[in-house]
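If you read the sequence shown in my numbering, its first letter stands for residue 1204, the second for the next number, and so on. Report on the following structure.
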Amino acid sequence: MKNKKLFFLPVVVTFIGLIIFTTNLPTHSEEGKIDKLPNEEKINEIPIVSSNGNYISFENLDTLEQNSELIIIAQATKNFEDREHINKFHETPEDEYQPKFLIEGITKTEVNIKEILKQPEDEQYNEGEIISVIEPISIFEDVDKVKKIKTVSNYEAIGTDDYILFLKKNSYGEYGVINMNNGRFNLSNNNEVNTIKTLTASEERELNEDALQHQQIKETIFKKYDAEIKEIQNQ
């Protein structure tokens, strides 16, 4: 377990295993106020902006399991563009020369539980139940009404395939993915983690290391949960 720091933009979002937003600036949130969200064909054309994240990294399956409260195999019920996107902006005076700017953004992703691998003793879930999962990524509009995707540390949204998710509650009692990309694993796609193109050599090197670690953890997952995964894949 170690601290990971990735630097892209001068916006700081802090993670301790899961999503914890911190800021002292006056803010307001906007939920569901984006007109005409892009369709699935257009989503890959949207520019991506990434902020640096400071979070605790779990480097193997054992520590990942130990620090998760809920581990499930699940499938998102909606495409990324159709989910609830919540964005927090810094409040500025009503002055066209001082436009609002985005501090942080999250997406509430509803997932359908297909298999439960670990859950809290005091809170029981069932297969077929739908729960909401917080992800550190969202679609937002900048001051020029240009749609962009805001993410943290190159995090990529859960797709609509079957995933194994390692979750933990935040201070608001909401489940979030821990360990960033290495806390959500697509059970059908072997090359699911990509890197943002505009990176320095050192940033790209660290992200590639994360992608390698992702694949190593995924291979361990497939060995340990072979029967459970095959059961889901054969449905």
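Where is the CB? At the ideal position from N, CA and C, for every residue including glycine. This structure is a prediction, so every number in the text was calculated from the model and none was measured.
| field | Same chain, Cβ closer than 8 Å to Thr-1423, neighbours up to 5 away in sequence not counted | value | Within the same chain, Thr-1423 has close Cβ partners Asn-1263, Leu-1264.
**Item:** Identified DSSP bridge partners for Gly-1379
**Value:** Ile-1337, Lys-1371
Review point. With Leu-1370 and Ile-1381 assumed to form a contact (beta carbons below 8 Å), what rounded beta-carbon distance in angstroms separates them?
Key: 7 Å
Check this for me: beta carbons of Lys-1433 and Glu-1272, under 8 Å apart or not? no
| message | Run through the DSSP bridge pairs and tell me what Glu-1307 is partnered with. | response | Lys-1291
- Message: Taking a contact to mean a Cβ-Cβ separation below 8 Å, would you say Val-1355 touches Ser-1260 in this structure?
- Response: no
Backbone CA spacing between Asn-1329 and Leu-1320 [nearest angstrom] = 11 Å
Practice prompt. In the DSSP assignment, find the alpha helix (DSSP H) that holds Thr-1266 and state where it starts and stops.
Written response: 1264-1269
First and last residue of the beta strand (DSSP E) that includes Gln-1278?
-> 1273-1279
What residue range is occupied by the uninterrupted alpha helix (DSSP H) comprising Lys-1433? 1429-1436
Looking at the structure shown, is Glu-1326 part of a helix, part of a strand, or coil, going by DSSP?
-> coil
Quick one: using the 10 Å Cβ neighbour count with 16 as the cut-off for buried, is Val-1336 buried or exposed?
buried
Fill in: Among Lys-1426, Glu-1377, Pro-1339, the one whose alpha carbon lies nearest that of Val-1252
Pro-1339
Identify every residue that forms a DSSP beta bridge with Arg-1387.
DSSP lists Leu-1368 as partners of Arg-1387.
Quiz item: Along the chain, where does the beta strand (DSSP E) that runs through Lys-1350 open and close?
Solution: 1350-1355
Could you check where the beta strand (DSSP E) with Tyr-1258 kicks off and where it finishes? 1251-1260
- Exposure of Val-1314, with buried meaning 16 or more beta-carbon neighbours within 10 Å: buried
Quiz prompt | Closest Cα partner of Asp-1345 within the set Asp-1285, His-1293, Asn-1257 | solution = His-1293
**Q.** Distance CB(Glu-1318)-CB(Glu-1431) smaller than 8 Å
**A.** yes
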